[in-house]
Amino acid sequence: MTVPVYDRVYRWRRYRPELKGKRCRLLARGTMNSALVEFEGGEKHVVSRNAIRKAKSPGQ
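Residue numbering for the sequence shown is 8 to 67, as defined by this note's numbering.
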């Protein structure tokens with residue numbers, strides 16, 4: 008079994024401040040610029056794709 012890679016970060020604070028800065032992974036892209044993401048704790052949310060960014064690697 009492969010280990011999931013959480014290579015994205017939730018960036019918005021206005022709508023879901025408890026998620027800001029949490030690492031997540033993209034599970035599916037939807038219409039109207041939405042995405043299904045899974046956070047490290049296992050919870051899943053449908054969010055705007057504008058709200059997620061690729062995380063910087065530790066060496067940067």
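Ideal Cβ positions, reconstructed from N, Cα and C, are used throughout, including at glycine.
For this session: Quickly, what does DSSP pair lysine 61 with across the bridge? List them, please.
Result: Within the sequence shown, numbered from 1, the residue matching residue 61 stands at position 54. Paired residue(s): Arg15.
Exercise. If you draw a straight line from the C-alpha of alanine 58 to the C-alpha of arginine 15, how long is it?
Worked result: Sequence index remark: in the sequence shown, residue 58 carries index 51 (1-based). Sequence index remark: in the sequence shown, residue 15 carries index 8 (1-based). Going from the Cα of alanine 58 to the Cα of arginine 15 covers about 10 Å.
Problem set entry | Option nearest arginine 20 by Cα separation, candidates Lys63, Val54, Pro65 and Ser64 | Translated into positions along the sequence shown, residue 20 becomes position 13. Arginine 20 has its Cα closest to that of Val54, out of Lys63, Val54, Pro65 and Ser64.
Exercise. Roughly how many angstroms separate the alpha carbons of alanine 62 and methionine 39, rounded to a whole number?
Worked result: For the purposes of this step, residue 62 is taken as the residue at position 55 of the sequence shown. For the purposes of this step, residue 39 is taken as the residue at position 32 of the sequence shown. Cα-Cα distance, rounded: 23 Å.
For this session: Using beta-carbon positions only, say whether leucine 43 and alanine 35 come within less than 7 Å of one another.
Result: Position 36 of the sequence shown, counting from 1, holds the residue named residue 43. Position 28 of the sequence shown, counting from 1, holds the residue named residue 35. It is a contact, given that the beta carbons lie within the stated cut-off.
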